Every structure is written in structure tokens, then in C-alpha cells.
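Using the UniProt record's numbering, read the sequence shown as starting at 1 and increasing by one per residue.
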Amino acid sequence: MNPAAAVPRRPVDLVVAHPGRRDAPRHERASLRALGRDIAELLGCEYADALPAAARDPRLRVYYVPARTLLDGRALALGIQGPDDLFGGVAPHGFVATKAITHALPHDGCAAPAAWSRELGARLSDCVLPGCTVFALDEARQAGVRMLRTGALRVKPVRATAGRGQRKVADAAALDQALAEQDAGEVRRYGLVLEEHLEDISTYSVGVAQVGVHLASYIGTQSLTLDHAGLEVYGGSDLWFVPGPLPALLQLELDAPRRAALEHAMRYDEQAFACYPRLYASRRNYDVARGRDAQGRWRTGVLEQSWRAGGASLAEIAALRAFAQDGGLRRAHAATSEHYGPDPAHPPGTRIVFHAHDAEVGFISKAGGMTQDNGTDDDDT
């Protein structure tokens, strides 16, 4: 299991938004820095955009807010010893940090990294959609052709984020085209997911965030928006929080789809950390889809996990701060939103952290935080 709470240590001296992505677009850097400043305020310490030379002083305790899930070697080099030292996660292998681990291989004879857990796929089969992970393009085609017999599928590069890079495939010709666009070396190293396509889809977010002694869990929905190329991408999250670990969400009066999403996410969370015991994370987020398959049946399944600062993280830290400021608060409502274009329509009460032209994605506006509803009313979740 993930170590949810480590042995108490001395207070954090400095929060730093590091390590970042060298090629990160401007809006991502701005969001990560805003998140780092919010965490520093929560912890009552200083903040820096970059790692200062003084951080090498062993007397200085640094808390990291990395842009990606770290590998354990990099984490050790930074002095990260456990989940109390960063907002995000540390994985033993690169593929463990991706959606590749969501599915099993097509069969036991398929190629896979030496450290691949062949047990996890079987343990997750009842909480994910039908699909598979492959590490060779020829095996991807064989598996894809079999899957097409029951309906359309999605080809999903495992390191892509915000819904980008995915392709819906409805026949063998489209499958061949989608696979021809993949980098064989990338697939060999990190994997490629083939997954059942759903219609009328809703996406739920289930997660838990911990910063020091502050711990909260949440459930809610994701929205999509159109980017400047007309593609559907992540548009924000609307979330309800409670103090405590994931099971604390069971106290909420959830409708059947949300309860199923929560139960699926809890099982994924438990089994992933059991099968990769060197994995740990202070921020754990699961995207859960509900929609109709090719036969019109409703299906629910976890799409992927995130063990790094993500689209919902501004809301996560806002909720942690709300619970820290009001010990009697039993639930809180927070949200994030992303819009492409100069006319933002962000949830009332949230704070804009970026509103400008970005060289990579064009004009984008991003916001997050507590909504005007403080979570004390009796609205349904």
C-alpha cells in the first residue's frame, strides 16, 4: 500500500516548483508556479520558482512540486525520501507513471519490460474498460484487429495528457494509420494502450491529495473544451472534497454512477500500489469513464491514473487550505477550468492563474480554487 503518512519530520523551509519540463509551454509553467506558491502558503514557508544553490544545504528542508512523476533515482538525488517531501509521486520505472499499467498484455507471450507486473492487469480487469497494453507495434495490430470485432477502439499514447494524441479507430485501415503515426521506440519503452471506445461518455475524477498533515479526498466531474485546432481537450474539473483518505468519500450521498466511479478508483489505487511496492505518491488522481459500448450497454472503468500535479491540483490545494482554516468544515466545493480564447468563463470564486497567448497552444485562460459555495449547504454531490 501507498504510505499515506510518514513519520513526522521538522517543518518545510522552502517549496520549489522543481523539477520542471524543459519544453513545458508557458501556461504549464505558470500553473505549476501558482500551485507551488499555494502550497508554500499552506505550509507557512518560503517559495522559489527554481531550485536555489542553498537547497544543497542539508539543514534546509525542501518540498518539491515537480511537473512529472519522478523516477526513484532522481528523487533520491534530490533528497526526496517519501510522500512528505513532494506534491506528486515517485515511480520505480518510467512506464509505471503512465496509463500503460491500466491494462494487461494481450497474452502472456507478448513483449514487456522486465519489471512489468503481469499480476496487476488481472487484478484491475473488473474496474477498467476492455483493452490491453502493448510494447510492440506488430502486437498492437494483432490485438487491435481482434478488438475491432466487437466495436470501435481508441489508440492512446501512454504519455499524452489532457486527452491529446488519442485516435478513435473503427476499422483495420484506420488502425493501420493510427499505428503508423506511433514512434516504435516510444512504444517499446513506455507502451501503447488500445481500449474500447465509449459513446455518451461522462468522466469522473476521484482522488486524494496530501501535503504534510493536510489530507483530503474528492470526487467530481471533468469537462471538455475545444482548443484552437477544434479538438476536444481537458476543460476543467468540478469537485467535492472531504477531509481524510479515499474511503471518507463513502459518507457522501453519491448517485449510482459516482459511487461506482469511487469504488473502481479505490480498487485501482489499492492494487497499483500493491503490485509496485516501490511506488509512492502524495497526490493520486483517477479518471473514470462511464458511457455506452458498441452494443449500447453502460460501462464504467478507470481510464488512467495521475501521480503528479495535474489539472485539478489548484482545486486540491484550495480545499486543503479551506479545511486547515476551518476545522469544522466537513466538505468543500472547488473547481478548475481551462478555456481557449480571450473570453474566460471560469467558475465564480476561482482565481485566474494564466490569461495570455501561449506559443504552443494559443490564447488560453486557466483558473482554479474554491467556488462561491463553501460546501455547507445540502446540495447533492
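Positions of the beta carbon are idealized from the N, C-alpha and C atoms, including for glycine. It should be emphasised that the depicted structure is a prediction, and the values quoted were computed from it without experimental measurement.
- The residues Thr150, Gly151 and Ala152, in chain order, have a CB closer than 7 Å to that of Ala294 in the same chain once the five nearest residues on each side in sequence are set aside.
- Ranked by how close their Cα comes to the Cα of His333, the residues Ala324, Arg188, Asp176 and Glu316 have Glu316 in first place.
- By the neighbour-count definition (other C-beta atoms within 10 Å, threshold 16), Val213 is an exposed residue.
- Where Gln166 is concerned, there is no enclosing beta strand (DSSP E), because DSSP gives it neither an H nor an E.
- Contact between Ala216 and Leu314 does not hold, since the beta-carbon distance rounds to 14 Å and is not under 8 Å.
- DSSP places Pro243 within a strand segment (E or B) once states are collapsed to three.
- Residue pairing by DSSP places Asp238 opposite Thr221 and Ala335 in a beta bridge.
- Between Leu239 and Ser205, the C-beta spacing is below 9 Å.
- Counting along the chain, the unbroken beta strand (DSSP E) around Ile352 starts and ends at Arg351 to Asp358.
- Comparing alpha-carbon positions, the option among Arg68, Phe87 and Tyr64 lying closest to Gly79 turns out to be Tyr64.
- Within the same chain, Cβ atoms closer than 6 Å to the Cβ of Gly368 are found at Leu314, Ala315, Thr336 and Thr350, the five residues on either side in sequence being excluded.
- For Ala17, the closest C-alpha among the options Gln222, Ala30, Glu196 and Ala100 is that of Ala30.
- Residue environment: Trp116 is assigned as buried (16 or more neighbouring CB atoms within 10 Å of its CB, all protein chains considered).
- Residues Val90 of the same chain have their beta carbon placed closer than 6 Å to that of Leu70, with the five preceding and five following residues left out of the count.
- Secondary structure note for Ile364: its beta strand (DSSP E) is the uninterrupted segment Gly362 to Met370.
- Out of Thr225, Tyr280, Arg297 and His357, the CA that lies nearest to the CA of Gln210 is found in Tyr280.
- Per DSSP, reduced to three states, the secondary structure at Ala115 is coil, with no helix or strand assignment.
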